[in-house]
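Student: Read left to right, the sequence shown gives residues 74 to 187 (this note's numbering).
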Amino acid sequence: MGLALEQARLAAEGGDVPVGAVALHNGMLIAAAGNRREADGDPTAHAEILVIRAAAEALHRWRLDDVTIVVTLEPCVMCAGAIVNARIGASWSERWTRRPVPSAPAIRCSPTPG
Ligand SMILES: [Zn+2]
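#1: When we look at the beta-carbon of H119 and count the other beta-carbons within 10 Å, is it buried (16 or more) or exposed?
#2: Go to G32, then tell me how far its beta strand (DSSP E) extends in each direction, as first and last residue.
#3: Just list the residues that DSSP pairs W165 with in beta bridges.
#4: Following a CB-centred definition, is P148 positioned closer than 7 Å to any heavy atom of ligand 1?
#5: Taking 7 Å as the cut-off, is the CB of H119 close to at least one heavy atom of ligand 1?
#6: M151: beta carbon under 7 Å from a heavy atom of ligand 1?
#7: For a test of the three-state rule: what should DSSP assign to L97, helix, strand or coil?
#8: Classify G107: buried if its beta carbon has 16 or more other beta carbons within 10 angstroms, exposed otherwise.
#9: Starting from the Cα of D139, find the closest Cα among E79, L78, H98 and give me that residue.
Have a look at this one:
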């Protein structure tokens, strides 16, 4: 969570909503990102989307069922959908308990974009 929080801090310095995320594979860090909507002028550049893209690139596959992501804030609807579509194995945030995403139909979504 510490690195995700650092990514959130960097996002805030760039004028973005302070959200950070990291991806772990076999306990090793494979991706880290913070929100970059303002920095990139990209409405989809949420930390979770960026970290999912980086993890898929690192592993050379889109199915990430053995990847865990850690996010500093509950994902928004777009990111929750991306987590499900990437088959992320598990997701953690300060406000979540561990929840395997594919079997978690009741993903709680924040009204505040993450
Ligand atoms: Zn989001």
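All C-beta atoms, glycine included, are put in the ideal place defined by N, C-alpha and C.
Tutor: For this structure:
#1: buried
#2: Outside the shown range of the chain, which is 74 to 187, sits residue 32, and nothing can be said about it.
#3: V143
#4: yes
#5: yes
#6: yes
#7: strand
#8: buried
#9: H98
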